[in-house]
Amino acid sequence: MKGSTNVVITGVGGQGNVLAARLLAAVALAEGLEVTVGDVYGLTQRGGSVASHVRWTEGHPLPPLVPQGALDILVAFEPLEALRIQSQFGRPETAALVNESPVMPIGVQAGRFPYPDAAALWSLLDRMTGSCRRVAGSETARALGNVQALNTVMLGALCGSGLVGFEAGAFEETIRSELPARFVDLNLEAFKRGLALGGAGGKAAE
Amino acid sequence: MGIKGSRELVQNVLQAGMCIGCGACVELCPYFRHYKGRTLQVFPCDLESGRCFAFCPKIEVDLDALSRRLRGCAYEGLDLGVYRSIRAARAGAALPKASFQGGGTVSALMAFALGSGVTDAAVLTDREGAWPLPRIVTDAQDVLACASSKFTAAPTLQALNRAVRLGHQRLGMVGTPCQVTAAAQMKGGLASQEDFRDPVALTVGLFCNWALDPRALNAFLGERVDLDRVTGMDIPPPPAEVLVVRLGEESREISLQEVRPLIPETCRLCPDLTSEWADLSVGMFEGRPGWNTLIVRTDRGGDLVRAAEEAGYLELEPMPEENTAHLAEAGRTKKERAFRTALRENAVNRENGCSVLRLPAEVVDRLT
Amino acid sequence: MTPNPLKRVLMLGNEAIARGALEGGISYATGYPGNPSSEILETLFKWSDAHDVAVEWSVNEIVALEAAAAFAFSGRRAVVTMKQNGLNVAADFLTTVSLDELPGGLLVVVCDDPGPLTSSNEQDSRHFARIAQIPLLEPSTPQEAKDMAVYGLEISQRFGLPCMLRAVSRLSHGRGPVSLGPVASKGPQPRFDRDRPKVGLPFLVTRNHARLLRLREEIRAEFEASPWNGYTGPEGVSTLVVASGLSATYGLEAIQTLDLGDRVGLLKLGTTWPLPRERILERVGRADTVCFLEEVDPFVEEGVKVVCAENGDRAGRIRFLGKNDGFVAGPDGPGVGEMNTDTALSALGRLFDPAPVQGEPLPEDLLARARDLLVPRELSFCQGCPHRASFYALKTALELDGRDGFLVGDIGCYGMAAGTTGFQQIKALHCMGSGMGNACGFSRLKEFGFDQPVVAVAGDSTFFHAGLPALANAVHHNADAVFVILDNAVTAMTGFQVNPATPAAVSHGKRELRIENAARGLGAEAVVLDPVADVNAAVEAVLQAVETGGVHVLVFRHGCATFFQKRADRSARPRVWVDAETCLGDQCGCNRFCSRILSCPAILFDPETGVARIDEQVCTGCGLCVQVCPREAILLERSEDGNP
């Protein structure tokens, strides 16, 4: 829809993408935008896919889900989930930031089917998006000593990419106000490292 | 055909009603189980080939390959299989008294083998109420507890597989022809296992015309006696024509005519009366109560018999010519019937799909 | 949270409902957990101390509603929350309490799950507002959800009858900005007026029913002027969209996306029972095409049609487009599944020729390639989940038994046992406790030659919710029935809520009830065992139960791994690992039994080493794999403190 921005932050249960979406929405709200978030998950915490739709506009409140073919920005915590969401909601112009580390579905672990070949997966993501940036998110979070910091690393990458047009200071302010005090420093550091991974000047969504 | 996997085994044996419940496929892997007379696959397995298929005595049993490997000659369909000698035998004075049937030869051989160190454990079939229960026995005394015929199929080889896993290296086993056939196929090991060492040091086979399906028998008996009280069973020599069910001190006689319908179809395809692939085969001595017929088939079988006789565990006498002839005739009858049935049911030497038996075509022709 | 109408905070729809209930002056909140409703009470629990609100997870929805009604009987306000299935349980009371005159306020919040994400049906609960003849509110945003909760409590008290607020999953789990208001006072000292009994005796029913219908018309009159209903669009257009609740936002987005703002108007309805007749006629009367957007059933659609049929002269000749004629349809057909912007776009796009242009879609060949690569992310029991051991044991026992036995079950994490993770064992699954009731009937089928063993499974919370009557029935009728109660001590599926089986240490002092005591009290044989500690003992117990007659209750007790691991000291976890020397990998013949069959998130087959591996970061140390490995290659070492 004209004048609206549609973001999906997707991942696998437990990766923390729901929190990332909440922080992004809080930033958008602080900017005075009409923001809506829709969390899409099945039975909670059982290894399924989780996607948070974050949408903002200056007009009427939007419904919680991005319509098909209307996705502007895709932030994926997991490559397979990037493909899943892009197939469902993406358009040729979608800009994607994708964490490089795969999380094996239980059916792959159990040998019922294979995880897609990495080269094939990335090449398809490249062809299905306007731009697809690979982000060493999990690696960065692990280097910080806490895999749970992945969500703020990815949020940093999103901010650093310039795709959403919100200042880093606005994110940092939100991290300080929304997260429990004992996690703030870690997440600020994760956000800062993420900024560098976003590759400023990424193609902005229309 | 070659060695296939559990899918073919389940389809052609378990689901086709061909399983005799010998236990050869049980406890090799976590998939096959035996419970109260029925062998089943609890979880699905999609391996292309497996020991379950290789060991099963009801699918792709290559008699010629077995004969060449174990006897060093082609399979000719001999009435009693390849053997060295046939003797009359019974337990000697060295064996403690027990409630064995017939001459007690099997108990004597197993007890002696254990006691003398020829074997380090024996795989036998005990009874738990009305259900046959395979057991691993390491003490000669316990052999006697398992004496007596069960007349039902039993998963004895489950205990053999377990004993192998527990590390026993010189196992003795007592089994029916189907069980002995499975054990013989185990001797071949699997081509993939280069370090295979035969853990079976002695196989004593029993004579068997048929066994009863334990689930069917228990359902049948359950309507006639209290199953929990069953302590043993016996089929006295002809012309009695009865199954005697012992309930402690009491006993009940049931006409064999009533019992025969409980013989599973799979027994009709069995060509082996005398456990041809065993080291020693033991059965009834018709017309001479208290004695057994003993067939010596291998060197190690012969060595054991000699040593057991010297130690007083076994008494031996020559076998009269006419008894041998009579037994051979019975052996031939079973073979002819099995091969005819197998031909009729397209269960022998199939080009496509699984056969029950494989053997030289001329042997089939000669015997049918 | 300090009320500051200028400051807007992001809230989940369910949090907004909770806030609205708080602002509406409730003294009491009850409910039974169930997606998508659970967060309402979860949120109220957090505020209960600060705002002096009594909050409880009741054993089931009808008890929750009956308990909440007591507050309304006594002049206080209360809210009760449930999912759509739960309303069926509560309906018996709802349809009689609506005949009372309530001096307090009673807000019944029902969260529907269209195109169900977590439910066994996609029932449209709005019908119950009509059955009970109570006002029905349908919010379209979290802000409205909060405001409607306040308003719902207010009209409930003012008109003296329950008010129903109906949310849907996307609203309940959607987040949006909400301006907070002040929290109302709780009202006077609660007192039950004995001179005004709440008695549904037959001779009083018609009188009360007539009063209820009069009230309905008073409420309708109020709704005519309600700000929850509104028109967006130019005057004088002939095409009108009528949308209720969240569907109004879908309609609005579709109109704007297709650039139809000057050709289509939208009538948004937030009060959908009783329908605001005049408000509808005012807009519908000027249109010649009316298209309905709502979920799930054509509830407003049929209501509007009745309004128009009864006022033919004012409505005029109208082409109605909705679910009944099939014009408005999602991918699964009209009247099925969720409403969304895509369905609204498809319907409105077909109204005009040529169809308005949308952006270029992704090329079909790329989408086809993606479909090839996309492997599913199936749900599974968590690492260490006791249900894995339980269903492993149940499957093994039923296979060993060999009489084509099967499981009948119900709603809970264990419902996943109808799928791969539970070895596809549950063959009938409907509603809370349904398996236990089914088992009573399967027992009677034996009189007609039925010979398959049947085992009913139910969870601990379900046992108290709906299992007790079925158990009493089984015992009373001398049934042959096996009930396996999967007692993991919390209501795990919906977010680990406490229930009567929860230890007092976890439930903050609520009294713990033991399932086996209840069963024995009802005259059933009850055995308690831990299927994770000894899975073979569980197999034996099931076999023995199915082989002998009578009513058997087997309590499989082992705490929910995910819930209790969070609270436990990580260093106290037993360590489980694969002895790479002993594991033969693909040479074993076990065909990767641990990873392939148990399908546990902590067990991997490592292609590099060719043997199984335990992900020790993920593993809870439950030890099930240790018990089933045929090589005994998986080892477990308890920490010195022992396993909590």
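Chains as they are written, first to last, in the working numbering: chain H, 1 to 206; chain Z, 1001 to 1368; chain U, 2001 to 2644. Even for Gly, the Cβ is constructed at its ideal location relative to N, Cα and C.
Mind listing, in chain order, the continuous alpha helix (DSSP H) runs of no fewer than 4 residues lying wholly within the region 2010-2097 of chain U?
-> 2013-2023, 2038-2051, 2061-2073, 2084-2097
Rounded to whole angstroms, what's the CA-CA distance from glutamate 2294 of chain U to asparagine 2121 of chain U? Just pull it up for me.
-> Your numbering for residue 2294 of chain U matches position 294 in the third sequence. Your numbering for residue 2121 of chain U matches position 121 in the third sequence. The straight-line gap from Cα to Cα measures roughly 17 angstroms.
Span separating the alpha-carbon of valine 2551 of chain U from that of serine 2434 of chain U | Residue 2551 of chain U sits at position 551 when you count from the first residue of the third sequence. Residue 2434 of chain U sits at position 434 when you count from the first residue of the third sequence. Distance between the alpha carbons of valine 2551 of chain U and serine 2434 of chain U: 17 angstroms.
Please determine, among H:Leu80, H:Pro61, H:Val12, H:Leu24, the residue with the shortest C-alpha to C-alpha distance to leucine 2171 of chain U.
-> In the third sequence, the residue the question calls residue 2171 of chain U occupies position 171. That would be H:Pro61, whose Cα lies nearest to the Cα of leucine 2171 of chain U.
Starting from the N-terminal side, write out each stretch of the alpha helix (DSSP H) that is 4 residues or longer and does not extend beyond the region 2549-2615 of chain U.
-> 2561-2567
Under 9 angstroms between beta-carbons, which chain Z residues line up against lysine 2395 of chain U? List them in chain order, please.
-> Position 395 of the third sequence holds residue 2395 of chain U. Val1042, Phe1043, listed in chain order.
Cβ-based burial, cysteine 1073 of chain Z [other Cβ within 10 Å; buried from 16] = Counting from one through the second sequence, the residue named residue 1073 of chain Z turns up at place 73. With fewer than 16 other Cβ atoms within 10 Å, it is exposed.
Return the Cβ separation of leucine 2165 of chain U and leucine 2137 of chain U in integer angstroms, given the expectation that the two are a contact with Cβ distance under 8 angstroms.
-> For the purposes of this step, residue 2165 of chain U is taken as the residue at position 165 of the third sequence. For the purposes of this step, residue 2137 of chain U is taken as the residue at position 137 of the third sequence. That belief holds up - the Cβ atoms of leucine 2165 of chain U and leucine 2137 of chain U are roughly 5 angstroms apart, short of 8 angstroms.
Please list, in chain order, all residues of the same chain as valine 2528 of chain U whose beta carbon is under 6 angstroms from its beta carbon, the five residues on each side excluded.
-> By one-based count along the third sequence, residue 2528 of chain U stands at place 528. Excluding sequence neighbours, valine 2528 of chain U sits near Glu2516, Val2555, Arg2557.
Anything in the region 2365-2378 of chain U with a Cβ closer than 9 angstroms to a Cβ of chain H? List those residues in chain order, please.
-> Leu2366, Leu2367, Arg2369, Ala2370, Arg2371, Asp2372, Leu2373, Leu2374, Val2375, Pro2376, Arg2377, Glu2378
So, is the C-beta of cysteine 1073 of chain Z closer than 8 angstroms to a C-beta in chain U?
-> As a working note, residue 1073 of chain Z is residue 73 in the second sequence. Cβ-Cβ to chain U under 8 angstroms: no for cysteine 1073 of chain Z.
Within 10 angstroms of the Cβ of lysine 1058 of chain Z, are there 16 or more other Cβ atoms? Answer buried if so, exposed if not.
-> As a working mapping, residue 1058 of chain Z is identified with position 58 in the second sequence. By the 10 Å Cβ count, lysine 1058 of chain Z comes out buried.
So, does the CB of proline 67 of chain H fall closer than 8 angstroms to a CB anywhere in chain U?
-> Along the first sequence, one-based indexing puts residue 67 of chain H at 67. Cβ-Cβ to chain U under 8 angstroms: yes for proline 67 of chain H.
Would you say the region 1224-1241 of chain Z touches the region 181-200 of chain H, given that touching needs at least three Cβ pairs under 8 angstroms?
-> no
Contact with chain H by proline 2361 of chain U, beta-carbon distance below 8 angstroms | Residue mapping note: residue 2361 of chain U aligns to position 361 of the third sequence, counting from 1. Chain H contact via Cβ: present.
In terms of alpha-carbon separation, which member of Z:Asp1046, Z:Gly1290, Z:Phe1151, Z:Ala1184 lies closest to leucine 1256 of chain Z?
-> Taking the first residue of the second sequence as 1, we reach residue 1256 of chain Z at position 256. The shortest C-alpha separation from leucine 1256 of chain Z is found at Z:Phe1151.
Check whether the Cβ atoms of arginine 1090 of chain Z and arginine 1297 of chain Z lie closer than 8 angstroms to each other.
-> Residue numbering aside, residue 1090 of chain Z sits at position 90 when the second sequence is read from its first letter. Residue numbering aside, residue 1297 of chain Z sits at position 297 when the second sequence is read from its first letter. Their beta carbons are not under 8 angstroms apart, which means arginine 1090 of chain Z does not touch arginine 1297 of chain Z by this criterion.
Quick one: what's serine 2179 of chain U bridged to in DSSP?
-> Position 179 of the third sequence holds residue 2179 of chain U. DSSP, once it has assigned bridges, lists U:Arg2008 as partnering serine 2179 of chain U.
Taking a Cβ distance cut-off of 9 angstroms, strictly less, list which residues of the region 1048-1073 of chain Z are near chain U, in chain order.
-> Gly1050, Arg1051, Cys1052
Which whole runs of the alpha helix (DSSP H) in the region 1158-1242 of chain Z are 4 residues long or more, in chain order?
-> 1177-1187, 1214-1222
Three-state class that DSSP yields for leucine 24 of chain H in the structure shown = The sequence position of residue 24 of chain H within the first sequence is 24, counting from 1. Of the three classes helix, strand and coil, the one that applies to leucine 24 of chain H here is helix, per DSSP.
Starting from the beta carbon of arginine 1197 of chain Z, find every residue of chain U whose beta carbon is closer than 9 angstroms, and list them in chain order.
-> The residue labelled residue 1197 of chain Z in the question sits at position 197 within the second sequence. Those within 9 angstroms of arginine 1197 of chain Z in chain U number zero; the least Cβ separation is about 16 angstroms.
Going by DSSP, which residues form a beta bridge with alanine 2167 of chain U?
-> Residue mapping note: residue 2167 of chain U aligns to position 167 of the third sequence, counting from 1. Paired residue(s): U:Cys2111.
Alpha carbon to alpha carbon, how far is tryptophan 2577 of chain U from phenylalanine 113 of chain H? Give it in angstroms, no decimals.
-> Position 113 of the first sequence, counted from the first residue, corresponds to residue 113 of chain H. Position 577 of the third sequence, counted from the first residue, corresponds to residue 2577 of chain U. Cα to Cα, phenylalanine 113 of chain H sits roughly 25 angstroms from tryptophan 2577 of chain U.
Are there 16 or more other CB atoms within 10 angstroms of the CB of leucine 1009 of chain Z, so buried, or fewer, so exposed?
-> Taking the second sequence and counting its residues from 1, the one referred to as residue 1009 of chain Z is at position 9. Buried: at least 16 other Cβ atoms inside 10 Å.
With a cut-off of 8 angstroms, does the C-beta of threonine 2400 of chain U fall near any C-beta of chain Z?
-> Numbered from 1 along the third sequence, position 400 holds the residue referred to as residue 2400 of chain U. Going by the sequence as given, residue 2400 of chain U is leucine instead of threonine. It does; some Cβ of chain Z falls within 8 angstroms.
Helix, strand or coil: how does DSSP classify asparagine 6 of chain H here?
-> Position 6 of the first sequence holds residue 6 of chain H. If DSSP states are grouped into helix, strand and coil, asparagine 6 of chain H belongs with the strands.
Going by other Cβ atoms of all chains shown within 10 Å of its Cβ, with 16 needed for buried, is valine 2199 of chain U buried or exposed?
-> Your numbering for residue 2199 of chain U matches position 199 in the third sequence. Per the 10 Å Cβ criterion, exposed.
Pull up the distance between the alpha-carbon of glutamate 1309 of chain Z and that of asparagine 1209 of chain Z, whole angstroms please.
-> Within the second sequence, the letter at position 309 stands for residue 1309 of chain Z. Within the second sequence, the letter at position 209 stands for residue 1209 of chain Z. So the alpha carbons of these two residues sit roughly 28 angstroms apart.
Determine whether the Cβ of proline 1030 of chain Z lies closer than 8 angstroms to any Cβ atom of chain U.
-> Taking the first residue of the second sequence as 1, we reach residue 1030 of chain Z at position 30. Yes, contact with chain U.
Mind checking who leucine 132 of chain H pairs with in its DSSP beta bridge?
-> Here the question's residue 132 of chain H lines up with position 132 in the first sequence. Note that residue 132 of chain H is cysteine in the sequence shown, not leucine. BP columns for cysteine 132 of chain H point to H:Ala96.
Are leucine 2486 of chain U and serine 2599 of chain U close, meaning C-beta to C-beta below 8 angstroms?
-> Residue mapping note: residue 2486 of chain U aligns to position 486 of the third sequence, counting from 1. Residue mapping note: residue 2599 of chain U aligns to position 599 of the third sequence, counting from 1. Not a contact, by the Cβ cut-off of 8 angstroms.
Can you tell me where the beta strand (DSSP E) with arginine 1252 of chain Z in it begins and where it stops?
-> Here residue 1252 of chain Z is taken as the residue at index 252 of the second sequence, counted from 1. Note, arginine 1252 of chain Z: beta strand (DSSP E), 1250-1255.
Pick out the complete alpha helix (DSSP H) segments inside the region 59-110 of chain H, 4 residues or longer, and give them in chain order.
-> 79-89, 106-109
Apart from the five residues just before and just after proline 1199 of chain Z, which ones in its own chain have a Cβ nearer than 8 angstroms to its Cβ?
-> The residue you call residue 1199 of chain Z lines up with position 199 of the second sequence. Cβ neighbours of proline 1199 of chain Z beyond the five flanking positions: Ala1163, Val1164, His1168, Gln1169, Arg1170, Leu1171.
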